[in-house]
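Peer 1:
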Amino acid sequence: MPRERTFRTEAIVLRRSDFGESDRLLTLFSKEFGKIRAVAKGARKPQSRKTGHVELFMCSRFLLAEGRDLHIVTQAELVEAYAPLRADLVRVTYAAYACELLDRFTTENDRHSDMYDLLSQALGWFAGESDLLLAARVYELRLLNMAGYRPQLHECLHCREPIQEQDQFFSVALGGLLCPNCQAADARALPLTAVAVKVLRYLQTRPWEVVKKLQLKRPLQHELENVLHHYLLYLLERDLKSVDFLHRLRREANLFAGVWQNLG
Amino acid sequence: MAQNVLPRTVQRLIDTFARLPGIGPKSASRLTFYLLRDKDNLALDLAAALQEMKANTRLCPVCFNITEEEPCLICRDEGRDATLLCVVEEPLDVVAIERSRAYNGRYHVLHGAISPVEGIGPEDLKVAELVRRVQQGNFREIILATNPTLEGESTSLYLQRRLMHEKVKITRLARGLPVGGDLEYTDEITLSRALEGRQEL
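Chains as they are written, first to last, in my numbering: chain A, 1 to 264; chain B, 1001 to 1201.
#1: Cα-Cα, which of A/51, A/253, A/60 is closest to residue 1158 of chain B?
#2: Chain A beta carbons: is any one of them nearer than 8 Å to that of residue 1149 of chain B?
#3: Touch check for the segment 188-195 of chain A and the segment 159-171 of chain A: three-plus C-beta pairs under 8 Å?
#4: Can the beta-carbon of residue 1109 of chain B be found less than 8 Å from the beta-carbon of residue 1091 of chain B?
#5: Give the secondary structure of residue 168 of chain A by DSSP, where H, G and I count as helix, E and B as strand, and everything else as coil.
#6: Determine the direct distance from the alpha carbon of residue 69 of chain A to that of residue 150 of chain A, and round the result to whole angstroms.
#7: Grouping DSSP H, G and I as helix and E and B as strand, with all else coil, what is residue 1149 of chain B?
#8: Report yes or no: do three or more beta-carbon pairs, one from the segment 120-140 of chain A and one from the segment 89-102 of chain A, lie closer than 8 Å?
#9: State the DSSP-derived secondary structure class of residue 20 of chain A, mapped to helix, strand or coil.
#10: Looking at C-alpha atoms only, which residue of B/1171, B/1200, B/1186, B/1115 is the closest neighbour of residue 249 of chain A?
#11: For the alpha helix (DSSP H) containing residue 1192 of chain B, list its first residue and its last residue.
#12: Sort B/1080, B/1120, B/1072 by Cα distance to residue 242 of chain A and report the nearest one.
#13: Leaving aside the five residues before and after residue 1057 of chain B along the sequence, list all residues of the same chain whose C-beta is less than 8 Å from its C-beta, in chain order.
#14: Note the first and the last residue of the continuous alpha helix (DSSP H) segment covering residue 1043 of chain B.
#15: Is DSSP giving residue 250 of chain A helix, strand or coil here?
#16: Just to make sure I have the definition right: I need the residues of chain A whose C-beta is within less than 7 Å of the C-beta of residue 1187 of chain B. Which are they?
#17: Does the Cβ of residue 5 of chain A have 16 or more other Cβ atoms within 10 Å, making it buried, or fewer, making it exposed?
#18: Looking at chain A, is there any beta carbon in it that lies within less than 8 Å of the beta carbon of residue 1153 of chain B?
#19: Would you kindly report the start and end of the unbroken beta strand (DSSP E) that includes residue 237 of chain A?
#20: Please go through the segment 1085-1118 of chain B and give each complete beta strand (DSSP E) segment of 3 or more residues, from N-terminal end onward.
#21: Does the CB of residue 1118 of chain B have a neighbour CB from chain A at under 8 Å?
#22: For residue 210 of chain A and residue 246 of chain A, what's the separation of their Cα atoms in angstroms?
#23: Quick check: is the beta carbon of residue 1190 of chain B nearer than 8 Å to any beta carbon in chain A?
#24: Return the chain-ordered list of same chain residues with a C-beta closer than 7 Å to the C-beta of residue 19 of chain A, the five sequence neighbours on each side being excluded.
#25: Quick check: the Cα distance between residue 55 of chain A and residue 1149 of chain B, rounded to an integer number of angstroms?
#26: To the nearest whole angstrom, what separates the beta carbons of residue 109 of chain A and residue 36 of chain A, a pair I think is in contact under 8 Å?
#27: If you count every other CB in all the chains shown that lies within 10 Å of the CB of residue 15 of chain A, and 16 or more means buried, which is it?
#28: Skipping 5 residues on each side, what residues in its chain have a beta carbon closer than 7 Å to that of residue 204 of chain A?
#29: Find out if the Cβ-Cβ distance for the pair residue 178 of chain A, residue 185 of chain A is shorter than 8 Å.
#30: Is the segment 1077-1087 of chain B touching the segment 51-65 of chain A, taking contact as three or more C-beta pairs under 8 Å?
#31: Helix, strand or coil for residue 1139 of chain B per DSSP?
#32: Spatial neighbours of residue 1 of chain A within its chain, please: CB distance less than 8 Å, with the 5 preceding and 5 following residues excluded, ordered by chain position.
#33: Output the distance between the C-alpha atoms of residue 1022 of chain B and residue 22 of chain A, rounded to the nearest integer angstrom.
#34: Considering only residues of the same chain and omitting the five flanking positions on each side of residue 270 of chain A, which have a CB-CB separation below 6 Å?
#35: Using CA coordinates, which residue listed in A/193, A/201, A/83, A/159 is at the minimum distance from residue 181 of chain A?
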């Protein structure tokens, strides 16, 4: 009989679904092994020792037994629950967004410890910071950078001239800016204001502790969100469920005024 | 090809079984051949049970539990406290709460939970119906009994916001330690809630 191999890793629960009678199938993003899938047996029973340690968006230390295609969770111990996420529907939506994006940009068994650190940091932002839109933009830019899709914001992707301080165009197909002279290179390029370009560059290069002091006006926030979402959807070629959910919450916010804060 | 060896009717049953959750092609074939060989009319009983279930059940127009009668037996029961309303995700949750024998009010079944992950929003659930019921009804307390999962919590948070302007008390099921459990293995969230909700003896 082959020896059962077990290994240890710290991981964040990206997705989970019901499996069998009382098990849960988890998609984990681990620091050491990247994205892996594992079964947490009995995790739907309240008496299970694992139940409270393998919930969505929790970071736990796992002991896993290697299986043929699925690993089996033998132990799980909570490291960080990001509890404030769970008490706020808007925060939890942003956490879902962070995990969904990362899930889409990665494949199984592909180690990305930089992305792991980013995700755990971002869950902390979404649990605690007040400007969730800004945190989401920073997260997107960092993730794009790590995935190899850093938007080019310093020179025009057509004429290669440095970008001047004026309104520009953003081409999702080319992955960066087109200057006003070259905008015809991509008929679908989105207009982008000079101040939005400046903010994007700032977010791209400065650490969060510096960036978080920015206080951006609502229209600018939406402009940044719009251009980055267009770019992400172009790269991923599919809609994101959490983004759709966020839009639905916003529509509702108009119906039931004052019900949601920090929604943007 | 092995598939052409089997009669079409048998293959059809196999394919149908295979569409059920948790049943793969092998289990589907096993179930089909079991029914094929069975001498106790199990297949016919099964067919009758399936047909009857589909023909005779519907959702209660009041609480949206599955029922054979309109309104359902619980909604009709005069012995129940009509000023208490317990909101649950699924019909099976009603069964679980009934089994506890600790509750004697009415129910409202949402048929799911809000999930930012799956993109399930309130309009996919019986939420508007709940709000209407609370506005029109004469409830003194709404008990939010959704699951203590991320989705269940999101649903409770949402319902609390939607209902907060109604003149009714809104409560949430308590979180605590399971019977036969072990403190050592309890997660921090459950343990801190159990401490917050501790009771004087």
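C-beta atoms are modelled at their ideal positions from N, C-alpha and C, and glycine is treated no differently. Just so it is clear, the structure is predicted and the values come from calculations on it, not from any experiment.
Peer 2: So, to answer that:
#1: Against the second sequence, residue 1158 of chain B aligns to sequence position 158. It is A/253.
#2: Counting from one through the second sequence, the residue named residue 1149 of chain B turns up at place 149. Closer than 8 Å to some Cβ of chain A, the Cβ of residue 1149 of chain B qualifies, so yes.
#3: The segment 188-195 of chain A, when compared against the segment 159-171 of chain A, does touch it at the 8 Å Cβ threshold.
#4: The residue you call residue 1109 of chain B lines up with position 109 of the second sequence. The residue you call residue 1091 of chain B lines up with position 91 of the second sequence. Yes, Cβ-Cβ distance for residue 1109 of chain B and residue 1091 of chain B is below 8 Å.
#5: Translated into the one-based positions of the first sequence, residue 168 of chain A becomes position 168. Residue 168 of chain A falls in the strand class under three-state DSSP.
#6: Working through the first sequence from its first residue, we reach residue 150 of chain A at position 150. Working through the first sequence from its first residue, we reach residue 69 of chain A at position 69. Their backbone Cα atoms lie some 33 Å apart in a straight line.
#7: If you number the second sequence from 1, residue 1149 of chain B lands on position 149. It is coil, neither helix nor strand.
#8: yes
#9: For the purposes of this step, residue 20 of chain A is taken as the residue at position 20 of the first sequence. Residue state, collapsed to three classes: coil.
#10: Working through the first sequence from its first residue, we reach residue 249 of chain A at position 249. Among B/1171, B/1200, B/1186, B/1115, the Cα nearest to that of residue 249 of chain A belongs to B/1115.
#11: Start at 1 with the first residue of the second sequence, and residue 1192 of chain B comes out as number 192. First-last of the alpha helix (DSSP H) with residue 1192 of chain B: 1188-1196.
#12: In the first sequence, residue 242 of chain A corresponds to position 242, counting from 1. Considering only alpha carbons, the answer is B/1120.
#13: Residue numbering aside, residue 1057 of chain B sits at position 57 when the second sequence is read from its first letter. Cβ within range, chain order: 1066, 1067, 1068.
#14: Along the second sequence, read from residue 1 onward, the residue named residue 1043 of chain B stands at position 43. Here the alpha helix (DSSP H) through residue 1043 of chain B covers 1042-1056.
#15: Here residue 250 of chain A is taken as the residue at index 250 of the first sequence, counted from 1. Note: residue 250 of chain A maps to helix in three-state DSSP.
#16: Here residue 1187 of chain B corresponds to residue number 187 of the second sequence, with the count starting at 1. Ordered by position in chain A, the residues that pass the 7 Å Cβ test against residue 1187 of chain B are 52, 53, 78.
#17: Translated into the one-based positions of the first sequence, residue 5 of chain A becomes position 5. The residue is exposed, with fewer than 16 neighbouring Cβ atoms inside 10 Å.
#18: As a working mapping, residue 1153 of chain B is identified with position 153 in the second sequence. Interface residue, yes.
#19: Residue numbering aside, residue 237 of chain A sits at position 237 when the first sequence is read from its first letter. Segment: none, residue 237 of chain A is in no beta strand (DSSP E) and carries neither H nor E.
#20: 1105-1109
#21: Counting from 1 along the second sequence, the entry for residue 1118 of chain B is found at position 118. Chain A contact via Cβ: present.
#22: As a working mapping, residue 210 of chain A is identified with position 210 in the first sequence. As a working mapping, residue 246 of chain A is identified with position 246 in the first sequence. Rounded to whole angstroms, residue 210 of chain A to residue 246 of chain A spans 27 Å at the Cα level.
#23: As a position in the second sequence, residue 1190 of chain B is number 190, starting the count at 1. Yes, because at least one Cβ of chain A sits closer than 8 Å to the Cβ of residue 1190 of chain B.
#24: To locate residue 19 of chain A, count along the first sequence from 1; it is residue 19. Scanning its chain for C-beta atoms nearer than 7 Å, with the 5 sequence neighbours on each side dropped, one finds around residue 19 of chain A the residues 25, 39, in chain order.
#25: Taking the first sequence and counting its residues from 1, one reaches residue 55 of chain A at position 55. Taking the second sequence and counting its residues from 1, one reaches residue 1149 of chain B at position 149. The straight-line gap from Cα to Cα measures roughly 7 Å.
#26: By 1-based counting over the first sequence, the position of residue 109 of chain A is 109. By 1-based counting over the first sequence, the position of residue 36 of chain A is 36. That pair is a contact at about 7 Å.
#27: Counting from one through the first sequence, the residue named residue 15 of chain A turns up at place 15. Per the 10 Å Cβ criterion, buried.
#28: Position 204 of the first sequence, counted from the first residue, corresponds to residue 204 of chain A. Excluding residues up to 5 positions away in sequence, 141, 153 lie with their Cβ nearer than 7 Å to the Cβ of residue 204 of chain A in the same chain.
#29: For the purposes of this step, residue 178 of chain A is identified with residue 178 of the first sequence, where counting begins at 1. For the purposes of this step, residue 185 of chain A is identified with residue 185 of the first sequence, where counting begins at 1. Yes.
#30: Flag = no, the segment 1077-1087 of chain B and the segment 51-65 of chain A do not touch.
#31: By 1-based counting over the second sequence, the position of residue 1139 of chain B is 139. Coil.
#32: In the first sequence, residue 1 of chain A corresponds to position 1, counting from 1. Low confidence applies to residue 1 of chain A: its pLDDT is 47, below 50, so where it sits in the model is not reliable enough to give any reading.
#33: Mapped onto the second sequence, residue 1022 of chain B falls at position 22. Mapped onto the first sequence, residue 22 of chain A falls at position 22. Taking the straight line from one Cα to the other gives about 12 Å.
#34: One cannot answer for residue 270 of chain A here, as it falls past the ends of chain A, which runs 1 to 264.
#35: Counting from 1 along the first sequence, the entry for residue 181 of chain A is found at position 181. For residue 181 of chain A, the nearest C-alpha among the options comes from A/159.
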